[in-house]
Each structure stands twice: as C-alpha cells, then as structure tokens.
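Just so you know, we're using our numbering here: the sequence shown kicks off at 19 and counts up by one. Ideal Cβ positions, reconstructed from N, Cα and C, are used throughout, including at glycine. Notes to accompany the following structure.
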Amino acid sequence: MIQSYYKSPNNDFTLIKGDCVEILSKFKFGFDMVFADPPYFLSSGGISCQSGQVVCVDKGDWDKPTTSEDMDSFNLRWLTACREHMKDDATIWISGTHHNIFSVQQQLIKLGFKILNVVTWAKTNPPPNISCRYFTYSTEFIIWARKSPKVAHYFNYELMKKLNGDKQMTDVWQLPAIGKWEKSCGKHPTQKPLGVLARLIQASTKPNAWILDPFSGSSTTGIAANLLGRRFLGLEKEDEYLLMSQARREEIEDISIRNNYLERLVKSVNALPSFVSYLSDNSEMDYGIPWL
Ligand SMILES: C[S@@+](CC[C@H](N)C(=O)[O-])C[C@H]1O[C@@H](n2cnc3c(N)ncnc32)[C@H](O)[C@@H]1O
C-alpha cells in the first residue's frame, strides 16, 4: 500500500515521498504526460552572480557529477519506470543542459521513444557570466518524445499558433527565468518557471489529463497543471521540497491568488485566458485517484 504525503482537497494534486523508481514499481497507472526535470549532474562548485552577489551554484548532493556510465544507467532506470506508466499515446518532456541531455537522448532511443522536438528555452533574463571567459549561459534544452513511433500523440497546434500571434510556434521559446513572485513559499535551487510548464502542458495535454513528475522538487509542474485544469502526481525524496510543494498547492486554494497567478501567466507567457473561466466553472470537481 502506498502512502501519499499530501493530497489536495479535490484530489487533483498528490505527492508521494521517496525514490521515483521504487515508488513507480509499486503501482500501475497510465499517465497522459510526464514532465521530468532530473538531476543535471552539474554541481561541482561553480559560481554565479545573483542580485549583485557572487554565489555558489551547487544545488545539492543529488546533483553532484558522476561517471558517464552511472549517469546513463540512472537515466535508463527512471526513463524505463516512467515509460511503463505512460498511456500508449502519451508524451514525455525532459529538461537538461549539455551535462545530462545527451545521455537522456541516448536512453530514449534505446527504449523505443520517438523524439518529436528538442525545444531550446532561451532565457530572456539570464544571470551574467562573472568569469567573462565564456558566453553567458542562457539556454536549457527540453526534449519532447512520444512513447511509441507507431501511436500518434496529441499536439494542440492551433493553440500554440494562436499564442504565437497566429504564426507557427517554433522550437525556440523565449521565456523569462524564474520570477520572485513564484518563490512565495520558499526557494528550490532549480525551480522551473510556471510559464515554461504552462506552455508545454497546454501544447501536449487536454483538460483533466493526468501528469506525472518523477523529480517533483517544489512541484512547479503540479501548480501549472492545476492552474490549467489538469491532475498531478509528484514524486520527491526530500521533505523540505515536499513541504514547499504542499505550501504552494495550499496557496492556490485561495481563489484570488489562483486568479492572480493565472493573470500573470496570461500576461507574461500568453497562457490561454479562457482557462480562468474553465476553472471557476469546475472548482467543485472531485477527481478521485484510482490507485491511492
Ligand atoms: C531539478 S530538481 C526539480 C525541480 C522542479 N522542477 C521545480 O520546479 O521545483 C530535481 C528534484 O529531484 C529530487 N530527486 C533527485 N533524485 C530523486 C529520485 N531518485 N527520486 C525522487 N526525487 C529525486 C531532488 O531532491 C530535487 O528536488
């Protein structure tokens, strides 16, 4: 029997504590979409500049560099576990930098995924490079792949075009890095912006879809999912981040905060405005979770 760490009042947001591969081995379920922000293995004592101060950019023990063999087998393990929990027409998004993304790409191919796009997230406000010996790091990659080469995936092409001023949306996304307003419940060292998650969720899922995040952190995926009327399961090892996730989910129980976040998304990254009315129409929904 799996114990949930936290469930939202209407069951649209569930957290489970532990190692994602171990937890996934304990139940069967088919998700519509997976977003994974796995360890990039880049915490080797580097420095950066934040708010005018020199800071160490190490993220935590879970992000320390490892051998390429260990990185490959880690990526193979968690991708295998996720694939077994994807519906046949489901897709997966995985973020990374050069440190981990080539290993992830190779494991995806090994497992039979079909790569659909490699999105470049070009940060519009990257931190400066204080060594002045390289170009400023301003991009991350997000691989989008479907479970099977044979089964068609869902892509909301028309919506993406509409959000892009009626032009086809490209695989280069100019979106800001994390904003202060997104850190009201504490800081996670690698928290993703809601805008990035809102875009990929809207592109690849329909309302009510089930979304899995095996490396949930502060659960940006879950907050974006719920703001957009989707359901979420997050897996995370650390209490500190589970508590932060819970606080973030409790925060959007307040309808004025929820609407404020939606308005920020609409303004800053062109999320779809009609979701605001969709959510207020469905605020009493109880989703139920079949396996918990
Ligand atoms: C890159 S962060 C994810 C940040 C998240 N996208 C956010 O917006 O807050 C990766 C997270 O995965 C967790 N983690 C690392 N290895 C894990 C594992 N094997 N199972 C579950 N969680 C793990 C870490 O504690 C960390 O919080």
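> For the segment 233 to 240 against the segment 199 to 211, are there 3 or more C-beta pairs whose distance is under 8 angstroms?
Replying inline: Two segments are said to touch when three or more pairs of C-beta atoms, one from each, lie closer than 8 angstroms; by this definition the segment 233 to 240 touches the segment 199 to 211.
> Counting only runs that start and end within the segment 164 to 198, where is the alpha helix (DSSP H) found for 4 or more residues in a row?
Replying inline: Taking only runs of at least 4 residues, the alpha helix (DSSP H) segments lying wholly in the segment 164 to 198 are 175 to 181.
>> Applying the 10 Å Cβ sphere with the 16-neighbour rule, what's the burial state of Ser-234?
In response: Working through the sequence shown from its first residue, we reach residue 234 at position 216. Taking every protein chain shown into account, the CB of Ser-234 has 16 or more other CB atoms within 10 angstroms, so this residue is buried.
> Can you check whether the CB of Lys-128 is closer than 8 angstroms to the CB of Pro-167?
Replying inline: Residue mapping note: residue 167 aligns to position 149 of the sequence shown, counting from 1. Residue mapping note: residue 128 aligns to position 110 of the sequence shown, counting from 1. Judged by beta-carbon spacing, Lys-128 lies beyond the 8 angstroms limit of Pro-167, meaning their Cβ atoms are not closer than that value.
>> Tell me the DSSP secondary structure of Thr-208 in three-state form.
In response: As a working note, residue 208 is residue 190 in the sequence shown. Coil, per DSSP.
> Which class does Gly-213 belong to by DSSP, given the choice of helix, strand or coil?
Replying inline: Indexing the sequence shown from 1 puts residue 213 at position 195. Per DSSP, reduced to three states, the secondary structure at Gly-213 is helical.
> If we count the other Cβ atoms within 10 Å of its Cβ and call it buried at 16 or more, is Asp-304 buried or exposed?
Replying inline: Counting from one through the sequence shown, the residue named residue 304 turns up at place 286. Here Asp-304 scores only 41 on pLDDT, less than 50, and its place in the model should not be relied on; the value that follows carries that caveat. Counting other Cβ atoms within 10 Å of its Cβ, Asp-304 stays below 16 and is therefore classed as exposed.
> Does the distance from the CB of Asp-30 to the CB of Asn-244 come in under 8 angstroms?
Replying inline: Position 12 of the sequence shown holds residue 30. Position 226 of the sequence shown holds residue 244. Going by C-beta atoms, Asp-30 is nearer than 8 angstroms to Asn-244.
> Apart from the five residues just before and just after Ser-22, which ones in its own chain have a Cβ nearer than 7 angstroms to its Cβ?
Replying inline: Residue mapping note: residue 22 aligns to position 4 of the sequence shown, counting from 1. By the criterion of a C-beta distance shorter than 7 angstroms, Ser-22 is surrounded in its chain by Thr-32, Leu-33, Ile-34 and Leu-310, once the five residues flanking it on both sides are discounted.
>> Using only CA atoms, which one of Thr-115, Leu-215 and Pro-146 lies nearest to Gln-68?
In response: As a first step, residue 68 must be located in the sequence shown, where it is residue number 50. Gln-68 has its Cα closest to that of Pro-146, out of Thr-115, Leu-215 and Pro-146.
> Of all the beta strand (DSSP E) runs that stay within the bounds of the segment 36 to 85, which reach a length of 3 or more residues?
Replying inline: Fully enclosed beta strand (DSSP E) runs of 3 or longer: 49 to 54, 65 to 68 and 71 to 74.
>> Within 8 angstroms, do at least three Cβ pairs link the segment 41 to 48 to the segment 97 to 108?
In response: Segments in contact, yes.
> With DSSP run on the structure shown, which of helix, strand or coil describes Ser-301?
Replying inline: Here residue 301 refers to the residue found at position 283 of the sequence shown. With a pLDDT of 44 at Ser-301, under the threshold of 50, the modelled position of this residue cannot be trusted; read the value that follows with caution. Coil.
> Out of Pro-225, Gly-197, Lys-165 and Ser-91, which has the shortest C-alpha to C-alpha gap to Ser-121?
Replying inline: Residue mapping note: residue 121 aligns to position 103 of the sequence shown, counting from 1. Closest by alpha carbon: Ser-91.
>> Between the alpha carbons of Pro-311 and Ser-149, how many angstroms are there, rounded?
In response: Past the edges of the chain, shown from 19 to 310, lies residue 311, and the structure says nothing about it.
> Taking 7 angstroms as the cut-off, does the CB of Phe-159 come closer than this to any heavy atom belonging to ligand 1?
Replying inline: Locating residue 159 in the sequence shown gives position 141, counting from the first residue. Because no heavy atom of ligand 1 lies under 7 angstroms away, the Cβ of Phe-159 does not count as near it: no.
>> Could you compute how far the alpha carbon of Asp-189 sits from the alpha carbon of Tyr-24?
In response: Counted from its first residue, the sequence shown places residue 189 at position 171. Counted from its first residue, the sequence shown places residue 24 at position 6. Each residue's Cα considered, the two are about 35 angstroms apart.
>> Between which two residues does the alpha helix (DSSP H) holding Thr-238 run?
In response: Taking the sequence shown and counting its residues from 1, the one referred to as residue 238 is at position 220. 238 to 245 is the extent of the alpha helix (DSSP H) around Thr-238.
> Can you name the start and end residues of the alpha helix (DSSP H) that Ser-113 belongs to?
Replying inline: Within the sequence shown, numbered from 1, the residue matching residue 113 stands at position 95. That residue, Ser-113, is in no alpha helix (DSSP H); its beta strand (DSSP E) goes 104 to 114.
> Mind pulling the beta strand (DSSP E) runs of 3 or more residues that sit fully within the segment 136 to 165?
Replying inline: Counting only runs of at least 3 residues, the segment 136 to 165 fully encloses the following beta strand (DSSP E) elements, listed from N- to C-terminal order: 157 to 164.
> How about the segment 155 to 170 and the segment 37 to 44: do they share at least three Cβ pairs that are nearer than 8 angstroms?
Replying inline: Cβ pair count under 8 angstroms is below three, so no.
> Is Ile-160 closer than 8 angstroms to Leu-218 when the C-beta atoms are compared?
Replying inline: If you number the sequence shown from 1, residue 218 lands on position 200. If you number the sequence shown from 1, residue 160 lands on position 142. For Leu-218 and Ile-160, yes; Cβs fall inside 8 angstroms.
> Is the distance from the Cβ of Arg-164 to the Cβ of Leu-126 below 8 angstroms?
Replying inline: The residue labelled residue 164 in the question sits at position 146 within the sequence shown. The residue labelled residue 126 in the question sits at position 108 within the sequence shown. By the CB criterion at 8 angstroms, Arg-164 and Leu-126 fall outside the cutoff.
> Using CA coordinates, which residue listed in Pro-57, Pro-56, Trp-228 and Lys-77 is at the minimum distance from Ser-66?
Replying inline: Taking the sequence shown and counting its residues from 1, one reaches residue 66 at position 48. The residue with the shortest Cα to Cα distance from Ser-66 is Lys-77.
> Is any heavy atom in ligand 1 found nearer than 7 angstroms to the beta carbon of Trp-162?
Replying inline: The sequence position of residue 162 within the sequence shown is 144, counting from 1. Not under cutoff, so the answer is no.
> Comparing alpha-carbon positions, which option in Met-19, Ile-110, Tyr-259 and Arg-151 lies nearest His-223?
Replying inline: Sequence index remark: in the sequence shown, residue 223 carries index 205 (1-based). As written in the sequence, residue 223 is Thr, which differs from the His given in the question. Ranking Met-19, Ile-110, Tyr-259 and Arg-151 by Cα distance to Thr-223 puts Ile-110 first.
>> ligand 1 and His-206: does the residue's C-beta get closer than 7 angstroms to at least one heavy atom of that ligand?
In response: Stepping through the sequence shown from its first residue, residue 206 is reached at position 188. Yes, ligand 1 has a heavy atom inside 7 angstroms of this Cβ.
> If Arg-267 and Trp-199 are in contact, beta carbons under 8 angstroms, what's the gap, nearest whole angstrom?
Replying inline: Residue numbering aside, residue 267 sits at position 249 when the sequence shown is read from its first letter. Residue numbering aside, residue 199 sits at position 181 when the sequence shown is read from its first letter. Taking 8 angstroms as the upper bound for CB-CB distance, Arg-267 and Trp-199 are not in contact here, some 16 angstroms apart.
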